[in-house]
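Chains as they are written, first to last, in the numbering used here: chain A, 1 to 326; chain B, 327 to 652. Even glycine gets a Cβ: it sits at the ideal position worked out from N, Cα and C. I have placed the structure first, in the form of C-alpha cells, so that the comments after it can refer back to it.
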C-alpha cells in the first residue's frame with residue numbers, strides 16, 4: 001500500500017521505488033543547482049543503473065558541472081523531454097532546481113532524497129532521512145533492484161558518500177554508511193584519488209588568499225566567535241572568487257573553543273555574503289534568520305548590506321544575542 | 327613455527343602475538359615521541375584489552391600527552407619497570423622513542439607495528455604493513471584474543487584509524503579498515519566528536535602561525551612541489567610548537583598539481599625536521615631514505631642538519647631526483 005501525504009504526495013518504500021523505476025523506460029534525472037558531489041554522484045549512479053537494465057536516461061544539471069567530476073559525470077543519453085519520467089535526486093525543494101525550476105518544478109514524477117526538510121513537491125517521494133547522503137539511497141535502490149554494480153557506478157556513489165559527510169567525519173555517518181563504503185571498495189574506485197580531487201585540490205591563488213584571510217582573523221566574545229573577512233580587494237589581488245571561496249567558511253569553525261564561525265565575503269560595494277558555521281547548542285539558521293537569511297542548524301547564510309564596519313557590527317550583534325541566551 | 331630474521335628478530339603471526347600477550351603478566355607499553363592519535367590509540371586500546379584479561383600494564387609516552395586525547399588516555403597501572411615485558415606500538419625505529427630510547431631502546435620485548443620501514447629493533451615483531459593504522463593491528467589482536475571490547479577501547483581504536491588515514495581519505499584505507507570502523511560504530515564512540523577534536527580544533531596561535539607559513543609558501547619544479555617552512559622565530563612569536571605543528575604537513579599536499587609537499591620545521595639552530603607528503607607515483611619514503619629518514623609511501627620524514635638554505639637545497643634536490651625519474 002502506498003502512503004499519501006495530505007499534499008497528495010505518494011510516499012514510496014524502497015521496494016515500491018524500485019518497482020517504479022522498473023516500470024518506466026525513459027528518464028530525465030535532475031540534480032540541484034550549484035551541484036555538489038552528492039547530487040551528481042546520485043544522479044549518475046542512478047543513470048548507470050537504469051542503463052544497466054535497458055532503460056534510457058539523461059542527467060540534466062541546472063548549472064555547468066565542474067570538471068573535477070569528469071571521472072564519473074560522462075555523457076548520458078538524450079531524451080525526448082515530453083515523453084520522459086522526471087526524477088529529482090538530492091533536491092529538497094523545487095526552488096533548488098534553479099534555472100530548471102520553471103520547466104520541471106511542477107512535473108517531478110519521483111524525488112529521491114535524504115533531507116528531513118524535503119518540501120514534498122514531487123508526485124512520488126522516496127525519502128530516507130537516516131541516510132548520510134542521497135547516494136546511500138541510490139545504493140539501496142541498486143541493491144534491491146539487483147542491478148549489477150560496476151566501477152563507475154561505485155565511484156559515483158562513493159563520491160556522494162564522501163562529500164556529504166566531510167569524508168566520513170560528521171555525525172550523519174552510520175554503521176550502514178561504512179558498510180556500504182566497504183562494499184564499494186570491492187570495485188576499482190581509487191578512493192584516495194577521488195578524495196584528493198574532492199578535498200585536496202586548492203589552487204595556488206586560494207593558498208595566497210587564505211594567508212591574507214587568516215592574517216586578518218578576529219576573535220570575539222571570549223573567543224567563542226571567529227570572524228574571517230574576504231574583501232573585494234583580496235579577491236581582485238589573488239584572482240580568487242565565487243565557488244573557490246567555499247572552503248573559507250569551514251576554517252571559521254575549526255578553532256578550539258569557537259562555536260560561531262563567521263565569514264564575510266564582499267559581493268558588492270556595500271554588500272557582503274555572510275556564512276555562519278556553528279556548533280551546538282548555537283543555531284546558525286536562527287541567527288541568519290535575524291539577518292534576513294536562513295539555512296541549517298550548523299551552517300547558514302545571509303546577504304547583508306552596508307560597509308564592512310556596519311555589516312560586521314550587525315552580524316556580531318546577532319551572534320552575541322544568541323550567545324547571551326546560552 | 328616462529329620465523330627469525332637475520333637480525334635474530336622473531337617475526338610473529340597474529341596468533342603467536344596473541345599467545346605472547348596471554349603468557350606474560352606485567353606490561354609496559356611505549357608510544358613514539360611526539361605522539362599522534364595512532365600510537366596513543368593503539369597503546370591505550372592494548373592497555374584496556376590487557377586489563378580486561380587480568381593483566382597489569384602501564385602506558386609510557388616519551389612526551390607529554392596532549393590534553394585533546396583525554397577522552398581515552400586515562401591513568402593506567404603503575405608497573406615495576408625491572409619486572410615488566412616491554413611493548414612498543416606504532417614505533418618503526420627505536421630512535422622514535424625519543425627520551426625513552428636510552429632506557430628502553432635495547433630491551434623492547436615486542437613491537438606491534440604497521441610501518442613497512444620498521445627497523446627490526448625488537449626481540450619479537452608483529453608487523454602488518456597492509457594495516458592502515460597500527461590501531462588496526464590492535465583491533466585484530468583483540469579479536470583473535472576474544473577479549474571484550476568496550477566503548478573506551480573502541481574510541482581509542484577509532485582515533486588511531488581516523489587520524490592515520492586523514493579520516494579515511496588516504497590510499498592506505500582498505501575494505502577491512504572500513505569494516506573494522508563499522509564494527510566500532512556498534513559502540514558508543516561519538517565519532518563526530520572525536521573527529522572534531524582531532525581535525526577541527528586548531529588553537530588561535532596555530533591560525534596565526536598558518537598565516538605566516540602560507541605567506542612564505544614556495545612552489546618548485548613546475549608547481550609539482552610545494553615547500554612550507556616553520557622557522558624557530560615563527561614558533562617563538564606564536565608560541566606554537568611540537569605536536570601542534572602536525573597539521574602543517576597536510577597543507578603542503580593540498581594544492582592542485584602538487585605531488586610533493588615538503589614541510590621544514592626548525593628544531594635547532596642548524597637542524598630541521600622534514601615532513602614529506604607525496605602522491606603516487608612519487609614515493610615519500612624513498613626520498614626521505616636519501617635524507618637519512620624513512621616512513622610510508624605517501625608520508626615520510628627525516629631530520630636534516632644545516633642552515634635553512636642548506637636544508638632546503640638538500641631536500642629539494644632529493645625531491646628533484648625522484649621527480650626526474652617519473
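- For the segment 533-595 of chain B, the continuous alpha helix (DSSP H) assignments of 4+ residues that do not extend past its boundaries occur at 558-564, 574-577, in sequence order.
- In this structure, DSSP gives residue 492 (chain B) a state outside helix and strand, which the three-state scheme calls coil.
- Taking the beta carbon of residue 196 (chain A) as reference, the chain B residues within 7 Å of it are 605, listed in sequence order.
- In the three-state reduction of the DSSP assignment, residue 601 (chain B) falls in the strand class, which pools E and B.
- Proximity of residue 214 (chain A) to chain B, defined by a Cβ-Cβ separation below 9 Å, is satisfied.
- Residue 565 (chain B) has a beta carbon lying at 9 Å or more from every beta carbon in chain A.
- DSSP places residue 439 (chain B) in the strand class (E or B) of the three-state scheme.
- Using a Cβ-Cβ cut-off of 7 Å, residue 493 (chain B) is close to 167, 168, 169 of chain A, given in chain order.
- Boundaries around residue 641 (chain B) are those of the alpha helix (DSSP H), 634-651, since no beta strand (DSSP E) includes it.
- Taking 9 Å as the cut-off, the Cβ atoms of residue 227 (chain A) and residue 262 (chain A) count as close.
- Proximity of residue 395 (chain B) to chain A, defined by a Cβ-Cβ separation below 9 Å, is not satisfied.
- DSSP places residue 343 (chain B) in the helix class (H, G or I) of the three-state scheme.
- Cβ contact annotation for residue 442 (chain B) (same chain, cutoff 6 Å, sequence separation greater than five): 455, in chain order.
- Contact check for residue 555 (chain B) against residue 634 (chain B) passes: the beta carbons are separated by less than 9 Å.
- For residue 415 (chain B), the uninterrupted beta strand (DSSP E) run begins and ends at 411-415, by DSSP.
- Against chain B, the beta carbon of residue 200 (chain A) has neighbours under 7 Å at 579, 580, listed in chain order.
- In the three-state scheme derived from DSSP, where H, G and I count as helix and E and B as strand, residue 56 (chain A) is classed as strand.
- Nothing from the segment 128-146 of chain A brings a Cβ to less than 9 Å from some Cβ of chain B.
- Cβ-Cβ distances below 8 Å link residue 550 (chain B) to 583, 584, 585, 586, 649 in the same chain, with the five nearest sequence neighbours on each side left out; the list follows chain order.
- The beta carbon of residue 616 (chain B) sits no closer than 9 Å to any beta carbon of chain A.
- The Cβ-Cβ distance between residue 596 (chain B) and residue 632 (chain B) falls below 9 Å.
- With respect to residue 179 (chain A), residue 132 (chain A) sits apart: the two C-beta atoms are not nearer than 9 Å.
- Counted as a single uninterrupted DSSP element, the stretch harbouring residue 186 (chain A) is not any beta strand (DSSP E), since DSSP gives it neither H nor E.
- In terms of beta-carbon proximity, residue 545 (chain B) lines the interface with chain A, with at least one pair separated by less than 9 Å.
- The way I'd put it, the segment 468-487 of chain B doesn't touch the segment 443-452 of chain B; fewer than three beta-carbon pairs between them come closer than 8 Å.
- Under a criterion of Cβ atoms nearer than 7 Å, the residues of chain A adjacent to residue 507 (chain B) are, in order, 178.
- Chain B places no beta carbon closer than 9 Å to that of residue 222 (chain A), leaving this residue out of the contacts.
- As DSSP reads the structure, residue 26 (chain A) sits in a beta bridge with A:56.
- Residue 61 (chain A) and residue 94 (chain A) have their C-alpha atoms some 13 Å from each other.
- When only Cα atoms are considered, residue 214 (chain A) and residue 278 (chain A) end up about 19 Å apart.
- Contact check for residue 398 (chain B) and residue 478 (chain B): beta-carbon distance about 5 Å, within the 8 Å limit, so the pair qualifies.
- Among the CB atoms of chain A, none fall inside 9 Å of the CB of residue 452 (chain B).
- Annotation: the continuous beta strand (DSSP E) that includes residue 124 (chain A) extends over 124-127.
- Neighbours of residue 173 (chain A) in chain B, taken as residues whose beta carbon is under 7 Å from its own, are 517 in chain order.
- Comparing alpha-carbon positions, the option among A:240, A:286, A:231 lying closest to residue 272 (chain A) turns out to be A:231.
- Counting other Cβ atoms within 10 Å of its Cβ, residue 338 (chain B) reaches 16 or more and is therefore classed as buried.
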